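So the sequence shown is numbered by this note's numbering: it starts at -4 and just counts up by one. Where is the CB? At the ideal position from N, CA and C, for every residue including glycine. Just so it is clear, the structure is predicted and the values come from calculations on it, not from any experiment.
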Amino acid sequence: MKEKNLKDEAAETYLKGFNCAEAMVAFFNEKYSLNLNSRLATGMGAGIGGEKNLCGALNGAVLVLGAIFGRDDPTADSSDIYKMSSEFFKRFKEKMKTTICEEITSDIQWKSPEHKDLCSKIVGEAAAILDEIIKKNLKKQ
């Protein structure tokens, strides 16, 4: 997928009715055949349970990173996944100017067409950042 198409396809996943966190998990689940259930991200949408706190697209992205690069052995090193998660967090914050859902969506009416449009674009941007990080780190393995 080209980046532009990737952004559009991730945004379309959100527009199917998934919340932002679910959309990230569902999109990357299909793209990388992760065998994940988007249910694991449901409570992370709308800034964690509707609290409009940490953006669901960010939450979903970190879940995806964990699914691909996380550890099963509690004695295994977790420094690489922490670095990837931190990189995503910093790049997302740089792009959006914040990681807080309420701040990102402050200029729009919640659940309006503008809300769907904005959040679909955020999912697309988050997906582009995440895919770059995934590809870069898969090459290292």
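Q | Interface flag, D72 vs chain D, CB-CB below 8 Å | A | Absent from the structure is chain D; it holds one protein chain and no more.
Between the Cα of F64 and the Cα atoms of T94, G12, L29, I124, which residue gives the shortest distance? Taking the first residue of the sequence shown as 1, we reach residue 64 at position 69. Closest by alpha carbon: L29.
Check: If you draw a straight line from the alpha carbon of L31 to that of S101, how long is it in whole angstroms?
Finding: If you number the sequence shown from 1, residue 31 lands on position 36. If you number the sequence shown from 1, residue 101 lands on position 106. Their backbone Cα atoms lie some 32 Å apart in a straight line.
Entirely within the region 65 to 134 and at least 4 residues each: give me those alpha helix (DSSP H) ranges in chain order. 74 to 91, 96 to 99
Terminal residues of the alpha helix (DSSP H) in which A21 lies | Locating residue 21 in the sequence shown gives position 26, counting from the first residue. Unbroken alpha helix (DSSP H) run through A21: 15 to 27.
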